[in-house]
Amino acid sequence: MKNIATISIAIGLAIATLASSSTVVAETPLSVNEVINTPAAQVVHRTVEIDGLSLFYREAGNPDHPTLLLLHGFPTSSHMFRDLIPKLSDRYHVIAPDYPGFGFSSAPSVEDYDYTFDNLAKLIERFTERLDLQSYSLYVMDYGAPVGFRLAVSHPERVQALIIQNGNAYVEGIDNDFWVPVKAYWKDRSVENGDKLRSFLTLDATKWQFTDGVRNVEAISPDNWGHVQPLLDRPGNQEIQLALFHSYGSNPPQYPVWQRYLREHQPPTLIVWGKNDKIFPAEGAFPYQRDLPKAELHLLDTGHFALEEDGDVIAKHMRRFLDQHVPRSLAEPRAK
Numbered sequence: 149m150k151n152i153a154t155i156s157i158a159i160g161l162a163i164a165t166l167a168s169s170s171t172v173v174a175e176t177p178l179s180v181n182e183v184i185n186t187p188a189a190q191v192v193h194r195t196v197e198i199d200g201l202s203l204f205y206r207e208a209g210n211p212d213h214p215t216l217l218l219l220h221g222f223p224t225s226s227h228m229f230r231d232l233i234p235k236l237s238d239r240y241h242v243i244a245p246d247y248p249g250f251g252f253s254s255a256p257s258v259e260d261y262d263y264t265f266d267n268l269a270k271l272i273e274r275f276t277e278r279l280d281l282q283s284y285s286l287y288v289m290d291y292g293a294p295v296g297f298r299l300a301v302s303h304p305e306r307v308q309a310l311i312i313q314n315g316n317a318y319v320e321g322i323d324n325d326f327w328v329p330v331k332a333y334w335k336d337r338s339v340e341n342g343d344k345l346r347s348f349l350t351l352d353a354t355k356w357q358f359t360d361g362v363r364n365v366e367a368i369s370p371d372n373w374g375h376v377q378p379l380l381d382r383p384g385n386q387e388i389q390l391a392l393f394h395s396y397g398s399n400p401p402q403y404p405v406w407q408r409y410l411r412e413h414q415p416p417t418l419i420v421w422g423k424n425d426k427i428f429p430a431e432g433a434f435p436y437q438r439d440l441p442k443a444e445l446h447l448l449d450t451g452h453f454a455l456e457e458d459g460d461v462i463a464k465h466m467r468r469f470l471d472q473h474v475p476r477s478l479a480e481p482r483a484k
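Here's what the structure looks like:
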């Protein structure tokens with residue numbers, strides 16, 4: 149019995165030593181092995197009708213808790229947040245909508261809906277008001293950045309914090325080879341230039357977006373392109389995506405406006421960036437620190453969809469960061 153007790157004490161000390169030496173460092177892949185053990189709230193799947201469109205969204209957590217509004221990128225949907233939401237929903241009210249033409253939201257033809265980033269932002273603004281989201285922290289990624297920054301500029305008083313993940317607001321972030329054919333389409337919206345972009349909508353391109361720059365391709369679930377590609381392949385959806393490729397050209401002229409918002413309002417900002425991303429490389433992450441000297445920047449050794457490989461790391465940074473910057477009293481249920 150004495151030997152068993154001695155062994156038990158030794159094992160306990162070893163576990164305690166390992167636990168105390170473990171740190172969350174986004175720059176190393178070791179943190180991926182850390183697991184967040186929290187009692188997650190059930191994720192529900194809902195739709196709401198706005199301006200004749202059915203918007204699908206995922207929601208979890210107590211509405212009395214601070215809200216996190218997660219804005220997805222191309223070519224995915226709120227599906228990209230499927231694993232992140234449960235890691236946050238014990239403490240936050242988490243909402244992730246699908247834009248029109250993406251995921252399970254309505255996808256009217258380009259003849260019936262004007263697919264522009266201005267219109268997407270206006271629709272998401274109405275969505276937040278329909279759900280009575282009076283304040284929120286924004287998670288912006290890829291297409292989510294131009295949508296989210298439009299929201300922030302229109303209603304800076306509503307934004308409690310920013311989490312930026314491979315979402316661009318500086319010309320340095322689109323000064324690379326990926327954007328050459330897209331910029332040509334901005335200048336000349338010809339059929340020929342548009343057809344050159346259709347290769348971005350193929351299964352190979354979708355897989356590339358999820359797997360390029362990752363440490364371990366086998367860690368990336370094929371559920372991603374299994375969800376995305378059938379939606380891209382719907383009749384008329386390529387025309388929707390081409391319309392948004394062209395509309396993306398409306399974003400760089402807005403960069404000075406977004407940057408002025410950042411300088412003037414100094415929202416608490418956490419930047420978690422897949423540094424191996426060839427679409428929005430790390431060159432787009434560093435300029436934020438010019439306008440947000442207190443921004444926290446973590447470069448992750450992964451690709452465009454950083455959540456796929458470093459979701460635990462990002463969730464841990466978010467929980468710590470938001471706990472510091474979003475009023476703690478709001479994170480507890482209000483007295484009834």
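Residue numbering for the sequence shown follows the working numbering, starting at 149 and increasing by one per position. From the three backbone atoms N, C-alpha and C, an ideal C-beta is built for every residue, glycine too.
The alpha helix (DSSP H) spanning residue i covers which residue range?
i, result
"Q389", "N385 to S395"
"V301", "G292 to S302"
"I462", "L455 to H473"
"Q407", "Y403 to H413"
"E116", "Past the boundaries of the shown model lies residue 116; the chain is included only from 149 to 484, so the question cannot be answered."
"L281", "No alpha helix (DSSP H) holds L281; DSSP gives it neither H nor E."
Rounded to whole angstroms, what's the CA-CA distance from residue i to residue j? Just pull it up for me.
i, j, result
"I419", "H446", "6 Å"
"T171", "P401", "Only weak support is given to the placement of T171: the predicted model assigns it a pLDDT of 31, under 50, and the value that follows is read from those uncertain coordinates. Computed Cα separation, rounded: 41 Å."
"L470", "A309", "8 Å"
"V173", "R467", "Only weak support exists for where V173 lies, its pLDDT of 37 falling under 50; the value from the coordinates is given anyway. Roughly 14 Å separates the two Cα atoms."
"D460", "V339", "43 Å"
"P404", "G384", "34 Å"
"P370", "F358", "9 Å"
"F348", "V242", "30 Å"
"T276", "F265", "16 Å"
"R306", "Y284", "6 Å"
"T215", "Q437", "25 Å"
"G209", "E259", "38 Å"
"P304", "R382", "37 Å"
"H193", "F252", "10 Å"
"I368", "D336", "36 Å"
"E207", "E197", "16 Å"
"P416", "R408", "15 Å"
"Q472", "P329", "42 Å"
"V365", "E412", "41 Å"
"I427", "W327", "8 Å"
"L455", "V319", "24 Å"
"H465", "L448", "12 Å"
"W406", "S398", "13 Å"
Suppose the cutoff is 6 Å on Cβ atoms and the five residues either side in sequence are ignored; what does the same chain contact list for residue i look like?
i, result
"L178", "The predicted position of L178 is uncertain, since its pLDDT is 34 and thus under 50; a value taken from the coordinates is nonetheless stated next. Correct list: empty, nothing qualifies."
"V288", "L219, G296, I312 and G315"
"F453", "F358"
"D325", "none"
"E444", "L418"
"R298", "A269"
Please return the same chain residues whose Cβ sits closer than 7 Å to the Cβ of residue i, not counting the five positions on each side in sequence.
i, result
"T176", "Low per-residue confidence applies at T176: pLDDT is 43, beneath 50, and the placement is therefore not dependable enough to give any value."
"T450", "G361, V362, R363, G422, N424, E457 and D458"
"K355", "W373"
"T195", "S202, L203 and F204"
"R346", "Q386"
"Y333", "N341, G342, L345, F393 and H394"
"L390", "G342 and L345"
"V474", "P214, S285, Q308 and A309"
"E273", "L299 and S302"
Taking the beta strand (DSSP E) that residue i belongs to, which residues open and close that run?
i, result
"S237", "Looking at the DSSP string, S237 is not in any beta strand (DSSP E), and its letter there is neither H nor E."
"W421", "T417 to G422"
"R206", "L201 to A208"
"Y284", "Y284 to V288"
"R194", "V192 to I198"
"A255", "It is not in any beta strand (DSSP E) - A255 carries neither H nor E in the DSSP assignment."
"V307", "V307 to I312"
"L217", "T215 to L219"
Give a yes or no on whether the C-beta atoms belonging to residue i and residue j are separated by under 9 Å.
i, j, result
"A433", "L232", "no"
"L271", "D199", "yes"
"L410", "A317", "yes"
"F250", "L379", "yes"
"P256", "Y396", "no"
"P435", "G321", "yes"
"L236", "L281", "no"
"L323", "E431", "According to the sequence provided, residue 323 is Asp. The question's Leu does not apply to it. Closer than 9 Å, so yes."
Could you name the residues of the same chain whose beta carbon sits closer than 8 Å to that of residue i, not counting the 5 residues immediately before and after it, in chain order?
i, result
"Q414", "L440 and K442"
"L351", "W373 and Q377"
"V180", "Residue placement at V180 cannot be trusted, given a pLDDT of 35 that sits under 50; the coordinates are not used to answer."
"V183", "The pLDDT assigned to V183 is 44, lower than 50, so where the model puts this residue is not dependable; a value taken from the coordinates is nonetheless given after this. D460, listed in sequence order."
"N267", "Y261"
At a threshold of 8 Å, does residue i count as lining the ligand GTP (C-beta to nearest heavy atom)?
i, result
"V191", "Ligands in the displayed structure: none, and consequently the ligand GTP is not present."
Would you verify that the beta carbon of residue i is, or is not, closer than 9 Å to some beta carbon of chain D?
i, result
"D325", "Structure shown: chain D not included; a single protein chain is present."
- the region 242-251 contacting the region 214-230, beta-carbon criterion three pairs below 8 Å: With the cut-off at 8 Å, the region 242-251 and the region 214-230 touch.
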